[in-house]
Amino acid sequence: MASLLFAIFFRAAICASEPQPREVIWSKRSYGPDGPWQTVQVGFGSPGQNIDVYPAGSWESLFFAPEICNEPESGSFCFATEAGIYDLLRSDTYYKATQAGPVTDKTFYGTQTLHGDAQFTFDTLTLPGTDIIHDYLLPSHSTILVSKGFRILPNGTRYSASVGNLALGGPQANMSFGLDPNGVLANGTLLTNYMANTNVIPSSSYGLHIGSASLKIPGSLYLGGYDQLRVVGPVSGQSYGQHNLPIDLLDISIGVAVGRSPFNFTVLCGLLAKGNSSIERGLMVEVDAKEPYLYLPKSTCAAIAQNLPVTYSPDFGLYIWNTNDPQYERIVRSPAYLGFTFRANNSVTRNFTINVPFHLLNLNLSKPLSDRPTPYFPCSLPNLDTFRLGRAFMQAAFVSVNWMDNFQGLWFLAQAPGPNLAPAPRVVTIGAAAEILTPSENEWAQSWEGTWSPIEEDGQRLQTSTPVPTATSTPGVTKSQSTSSGLIAGVTVGVVVFLAGLGAGLLLWCRKKETHVDVRRDDITGGNDLPEVDERHHVNPQRMGLLEYMHKNQMQLPSDCTPEQAGSELQGSNVIQQCSYQPGDGIGRQPIRSFVELDGGGVQPRP
Numbered sequence: 377m378a379s380l381l382f383a384i385f386f387r388a389a390i391c392a393s394e395p396q397p398r399e400v401i402w403s404k405r406s407y408g409p410d411g412p413w414q415t416v417q418v419g420f421g422s423p424g425q426n427i428d429v430y431p432a433g434s435w436e437s438l439f440f441a442p443e444i445c446n447e448p449e450s451g452s453f454c455f456a457t458e459a460g461i462y463d464l465l466r467s468d469t470y471y472k473a474t475q476a477g478p479v480t481d482k483t484f485y486g487t488q489t490l491h492g493d494a495q496f497t498f499d500t501l502t503l504p505g506t507d508i509i510h511d512y513l514l515p516s517h518s519t520i521l522v523s524k525g526f527r528i529l530p531n532g533t534r535y536s537a538s539v540g541n542l543a544l545g546g547p548q549a550n551m552s553f554g555l556d557p558n559g560v561l562a563n564g565t566l567l568t569n570y571m572a573n574t575n576v577i578p579s580s581s582y583g584l585h586i587g588s589a590s591l592k593i594p595g596s597l598y599l600g601g602y603d604q605l606r607v608v609g610p611v612s613g614q615s616y617g618q619h620n621l622p623i624d625l626l627d628i629s630i631g632v633a634v635g636r637s638p639f640n641f642t643v644l645c646g647l648l649a650k651g652n653s654s655i656e657r658g659l660m661v662e663v664d665a666k667e668p669y670l671y672l673p674k675s676t677c678a679a680i681a682q683n684l685p686v687t688y689s690p691d692f693g694l695y696i697w698n699t700n701d702p703q704y705e706r707i708v709r710s711p712a713y714l715g716f717t718f719r720a721n722n723s724v725t726r727n728f729t730i731n732v733p734f735h736l737l738n739l740n741l742s743k744p745l746s747d748r749p750t751p752y753f754p755c756s757l758p759n760l761d762t763f764r765l766g767r768a769f770m771q772a773a774f775v776s777v778n779w780m781d782n783f784q785g786l787w788f789l790a791q792a793p794g795p796n797l798a799p800a801p802r803v804v805t806i807g808a809a810a811e812i813l814t815p816s817e818n819e820w821a822q823s824w825e826g827t828w829s830p831i832e833e834d835g836q837r838l839q840t841s842t843p844v845p846t847a848t849s850t851p852g853v854t855k856s857q858s859t860s861s862g863l864i865a866g867v868t869v870g871v872v873v874f875l876a877g878l879g880a881g882l883l884l885w886c887r888k889k890e891t892h893v894d895v896r897r898d899d900i901t902g903g904n905d906l907p908e909v910d911e912r913h914h915v916n917p918q919r920m921g922l923l924e925y926m927h928k929n930q931m932q933l934p935s936d937c938t939p940e941q942a943g944s945e946l947q948g949s950n951v952i953q954q955c956s957y958q959p960g961d962g963i964g965r966q967p968i969r970s971f972v973e974l975d976g977g978g979v980q981p982r983p
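Its first residue numbered 377, the sequence shown is counted upward by one per residue in the numbering used here.
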C-alpha cells in the first residue's frame, strides 16, 4: 500500500512540475483621467518598485521616470506618482541600452497621443505572487523609460501622462540593440517569450479581458493560458502584425439585447460607412489596450452620435453625454449596445459581432482633464493614420495572442461577459502550437442580467434577477451532528482514502494531459476561399491584408442594410436582433450563428 501511494504521489509531483498558466495580479486601484481603467501590479528594479500599469502592447513595456514630475505638463500634482514611477538609481540591476539611442521629442511608436523623451532600459520585472504562488522575477526586461511624457488635446492643451503599460510578449525571443562600448550584446527580454523558453508557462501566449472598474467586472490576465469563462461567443483567429493586432471591421450597428429598444428602432446598421462611401468595403482597425477611445472616422462617430443624447466638445475631441436628457438614463441603463461586426477567421464569407453595451460606453473625464466627473462617449478621431479600438471596446472583448515563433502565430478576438461571473475561473492552457481557442457554454445576455434594466412594451423597466453563470464547483461537506468513539479511526482511514483518491485523480489528469493533441490549422480542411498567392500581383493576400486585396480585385462588401433587413440570432431564451447582409452582395455576408461554425473552416492557409 505504501509503495503504491509513493508511486502515485511521485508521478503526481512530476506532473505538477509541468509548466502551467500564470495568473497576473490586478491592482485594487483604477485610474483616469478618461476611465476609470483597471491595471495590473508589477515591480520593477532590484529591489522592486511597485507600479500599476495597463496590460497592453508588445515588445517593450513603458514606465515613467521621476523626471516626468519636473515637466510643466505635470502641474502642481504629478499624477504619474499615483500609479508609480521607476527610479533606476534606486535599482541594483538596471542597464541603459544607450546603443538604442535616446527618444527625443517624439511620438512613441504604437501610441496615438503620447509625446516626449525616453531611453531604453533593462531591469528586473517582478510579477507578484499569491499565498500559494511565489513572486516571479524576469531578468533584463526590455522597457522604454519615459522622462518626459504628455498628451495633447485638440485645443492644444498639454497634460502629463500618468499610467504606463506592461507589454505582453512579442513575435521573437528578445529585443537586441547591438554591441555596447564594451562589446556586450544588449538583449532585452520579453515577458511571455522568456517565461515560455524557461518552461515557466506552457507557451508564449496570453488571454486578456480588462473588465470594467465602474461596473466591478474584474480583469483577467493569464500568461500561457486563458480563463474560458471570459469567452462567451465564437472565437476568431487571425495573423498579428509586427506591432499590432489588426482585423477588418465590416460594420457598426446599434441594437438591444432584450426588451424594448430605447430608440425609435430595434436595430440600426450601416453606421461604419454612413456618409463615407470610401469605407463601404470595410476598414482595417487595430485592437489596442494602450489607448482609451474608439478611434474611428469622423463620419462614423457622427453617424453613431446622431442617435445619442451627446454634444461634441471640440476642446476634448469627444462627445459629452447630456445627463439632463431623459434618453441618457434610458440608454445607458438599458440592454442597448453598440455592435462591431468583424471578418471572422480571415474568411471572405464569414463575420461575427462583438456587442459593447452602452453601460460600458458611459465613461468619465476627471482631473487633470476636468475638475469634476464628466460623463462622455468615447468616439474620437485618430491622431495617426490608423484606426484603433482601445480600452473602451476591450471592456467587452476577450483578446488573446499565441506568439509562436517568427511571426507565425495568431491573435484571437471574442465576446467577453458582463458582471455576472462565476466565483472561480476555468483556466485553460494555450498549447505552443494552438490555433483554436474554445469558448465557454455561457450566454452573453445572461451575464448582464441584473445589471441592465430591460424596457417592457409599456415603456416600464423590467426588474430582473441575477443568475450565476455555470462553473466548476466543489460539493459542500455535511457536518456531523454527533461525535462517536470511532471518530479518530474514521478520520485516519478517511485521510488515507482521500490522499489515495487525490493522487489517483492527479495521475488521471496527467495522463489526460499527455494524450492531448493540439489542433493545428494545417490539419483542418477548407480554407480555400482565396489562392495562397495572387499571381496577378505576386502578393500573398493574407499578408497584404484582405481589404487591400479586395480593392485590387474589385471585390465589394454588402450594401448598407436597414432595420427591415435585420436578422435574429437566438441565444438561449433571448432573441438578439442583428444586422444581416444580403446574399450575393459580396464578402462577409454570413454571420456566425454558432460556435461550431468557427471550427477552422474558411481559415486562410498560412503562407
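From the three backbone atoms N, C-alpha and C, an ideal C-beta is built for every residue, glycine too.
Just the Cα atoms here: how many angstroms apart are residue i and residue j?
| i | j | result |
| --- | --- | --- |
| residue 550 | residue 688 | 44 Å |
| residue 534 | residue 741 | 15 Å |
| residue 420 | residue 426 | 7 Å |
| residue 794 | residue 642 | 22 Å |
| residue 439 | residue 784 | 29 Å |
| residue 739 | residue 707 | 14 Å |
| residue 500 | residue 460 | 16 Å |
| residue 529 | residue 692 | 6 Å |
| residue 572 | residue 822 | 36 Å |
| residue 408 | residue 751 | 12 Å |
| residue 758 | residue 690 | 14 Å |
| residue 562 | residue 447 | 30 Å |
| residue 395 | residue 414 | 28 Å |
| residue 629 | residue 761 | 23 Å |
| residue 531 | residue 647 | 27 Å |
| residue 538 | residue 590 | 19 Å |
| residue 786 | residue 451 | 43 Å |
| residue 496 | residue 575 | 27 Å |
| residue 348 | residue 635 | It is not possible to answer for residue 348, since the shown part of the chain is limited to 377 through 983. |
| residue 616 | residue 649 | 25 Å |
What's the call for residue i, buried or exposed, on a 16-neighbour Cβ count within 10 Å?
| i | result |
| --- | --- |
| residue 466 | exposed |
| residue 560 | exposed |
| residue 404 | exposed |
| residue 515 | exposed |
| residue 733 | buried |
| residue 682 | exposed |
| residue 814 | exposed |
| residue 653 | exposed |
| residue 509 | exposed |
Quick check: residue i and residue j, are their CB atoms within less than 9 Å of each other?
| i | j | result |
| --- | --- | --- |
| residue 771 | residue 596 | no |
| residue 564 | residue 517 | yes |
| residue 763 | residue 777 | no |
| residue 544 | residue 631 | no |
| residue 986 | residue 594 | Residue 986 is absent from the model: the chain starts at 377 and stops at 983. |
| residue 462 | residue 494 | no |
| residue 659 | residue 766 | no |
| residue 491 | residue 540 | no |
| residue 805 | residue 397 | yes |
| residue 666 | residue 470 | no |
| residue 744 | residue 455 | yes |
| residue 548 | residue 566 | yes |
| residue 774 | residue 527 | no |
| residue 621 | residue 662 | yes |
Just list the residues that DSSP pairs residue i with in beta bridges.
| i | result |
| --- | --- |
| residue 413 | 407 |
| residue 550 | 565 |
| residue 517 | 499, 565 |
| residue 740 | 751 |
| residue 663 | 765 |
| residue 528 | 534 |
| residue 715 | 629, 731 |
| residue 427 | 418 |
| residue 541 | 430, 438 |
| residue 804 | 602 |
| residue 399 | 598 |
| residue 773 | 791 |
| residue 686 | 697 |
| residue 472 | 497 |
The ligand MN and residue i: does the residue's C-beta get closer than 8 Å to at least one heavy atom of that ligand?
| i | result |
| --- | --- |
| residue 757 | Of the ligands one can find in the structure shown there are none, so the ligand MN has no counterpart to examine. |
Of all the CB atoms in chain C, is at least one closer than 9 Å to the CB of residue i?
| i | result |
| --- | --- |
| residue 774 | In summary, chain C is missing from the structure at hand, where a single protein chain is found. |
- For the stretch 570 to 650, list the beta strand (DSSP E) runs that are entirely contained and at least 3 residues long, ordered along the chain. Complete beta strand (DSSP E) runs here, min 3: 581 to 585, 596 to 599, 601 to 603, 612 to 614, 622 to 632.
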